[in-house]
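Just below is one structure, and these are the notes that go with it.
Numbering (our numbering), first residue to last: 396 to 707.
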């Protein structure tokens with residue numbers, strides 16, 4: 396009651412002062428104004444959020460689809476351009492020098508129908524995995540040991556730094572002299588190509604670990620193998636996986652070189668065989684197989700690396 400009286404006095408005072416100054420003021424009843432304001436606010440609240448929600452939902456779906464389409468368009472733009480240029484150049488080149496995309500498709504159907512395509516792919520993948528796994532075990536043992544022990548790192552550093560720049564292809568003559576032209580020489584060359592990228596990244600990944608972890612391990616007297624298994628390896632794992640990706644790339648480079656010499660199967664043999672038959676379509680098909688299979692294996696490792704990084 397007191398509040399209503401004070402409100403009325405206040406309104407009357409304001410109106411009187413404006414009237415005295417010559418300003419004509421129409422004073423509306425407070426209840427009418429409040430009711431109008433409340434009615435307008437209620438109407439706005441009832442209408443606007445629904446429209447906003449619908450518009451936002453529509454824009455969100457369209458925006459996501461547009462963004463995904465834009466990413467794929469950008470991702471595939473260069474391959475489409477290259478295929479178009481390739482088709483243009485291939486149609487105007489000698490048949491023994493360049494094959495067209497249509498000829499590559501025909502060669503794929505021919506080799507897939509005879510079963511040679513799948514056999515060569517399977518043989519090359521088996522060789523890559525065999526050499527890569529041996530290289531991984533050696534790189535893990537030596538890399539972890541060199542990463543946690545400065546003394547062991549100094550012991551092997553000179554030999555590793557001298558051997559590391561020598562490409563795997565340069566080892567082919569010695570591999571043939573040591574192991575012959577059988578499977579062992581090919582696995583050895585793949586091992587060389589995959590080992591050093593992994594070894595370097597394993598050592599660098601462990602060196603990049605915060606030194607406080609090692610201090611805490613010494614303070615709490617954690618057993619060395621337990622510390623390596625539960626602290627060192629998880630902390631260095633992202634860079635180790637980067638080394639694994641590089642090791643796989645090196646393995647594929649070396650398997651092609653190894654299979655081009657003294658092999659009777661594999662994608663590298665297929666490439667060499669196409670060259671000897673003057674069939675550029677077979678050569679290009681073998682190159683595309685190497686690139687596609689290598690890309691798929693790299694994607695698997697990168698997917699696993701992202702999962703581990705997000706988990707860590």
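Built from N, CA and C at the ideal position, the CB exists for glycine as well.
Outcome for residue i when other beta-carbon atoms lying within 10 angstroms are tallied against a minimum of 16
i: residue 659; result: exposed
i: residue 515; result: buried
i: residue 665; result: buried
i: residue 614; result: exposed
i: residue 506; result: buried
i: residue 573; result: exposed
i: residue 485; result: buried
i: residue 473; result: exposed
i: residue 672; result: exposed
i: residue 508; result: exposed
i: residue 499; result: buried
i: residue 681; result: buried
i: residue 483; result: exposed
i: residue 479; result: exposed
i: residue 654; result: buried
i: residue 706; result: exposed
i: residue 518; result: buried
i: residue 714; result: Residue 714 lies beyond the residue range present for the chain, which begins at 396 and ends at 707; the question has no answer from this structure.
i: residue 464; result: exposed
Residue i (DSSP reduced to helix, strand or coil)
i: residue 561; result: coil
i: residue 674; result: coil
i: residue 701; result: helix
i: residue 544; result: coil
i: residue 696; result: helix
i: residue 398; result: The predicted model places residue 398 with a pLDDT of 43, which falls under 50 and marks its position as unreliable, so this point remains unresolved.
i: residue 550; result: helix
i: residue 474; result: helix
i: residue 485; result: helix
Cβ separation of residue i and residue j, assumed to be a contact under 8 angstroms, to the nearest whole Å
i: residue 535; j: residue 597; result: 6 angstroms
i: residue 494; j: residue 668; result: Not confirmed; about 15 angstroms, so no contact.
i: residue 527; j: residue 642; result: 6 angstroms
i: residue 582; j: residue 522; result: 7 angstroms
i: residue 564; j: residue 652; result: 5 angstroms
i: residue 780; j: residue 645; result: No answer is possible for residue 780: it lies beyond the span of the chain, which begins at 396 and ends at 707.
i: residue 649; j: residue 585; result: 5 angstroms
i: residue 647; j: residue 679; result: Incorrect: roughly 17 angstroms between the Cβ atoms, too far for contact.
i: residue 601; j: residue 554; result: Residue 601 to residue 554, Cβ: 19 angstroms. No contact.
i: residue 640; j: residue 697; result: 6 angstroms
i: residue 591; j: residue 537; result: Going by Cβ atoms, the distance from residue 591 to residue 537 rounds to 11 angstroms, so no, they are not a contact pair.
i: residue 627; j: residue 695; result: No, residue 627 and residue 695 are not in contact; Cβ-Cβ is about 25 angstroms, not under 8 angstroms.
i: residue 634; j: residue 605; result: Contact flag wrong, Cβ pair sits at about 14 angstroms.
i: residue 622; j: residue 612; result: 5 angstroms
Residue i at chain C interface by Cβ criterion, 8 angstroms
i: residue 479; result: Going by chain labels, chain C is absent from the structure shown, which holds only one protein chain.
Next on the checklist: As an exercise, report each continuous alpha helix (DSSP H) stretch of at least 4 residues that is fully enclosed by the segment 489-540, in chain order.
Outcome noted: Within the segment 489-540, the complete alpha helix (DSSP H) runs of at least 4 residues fall at 496-509.
Item to check | Within the segment 576-661, ranges of the alpha helix (DSSP H) (whole runs, at least 4 residues) | outcome: DSSP runs (the alpha helix (DSSP H)) wholly in the segment 576-661: 578-602, 606-614, 619-622 and 628-654.
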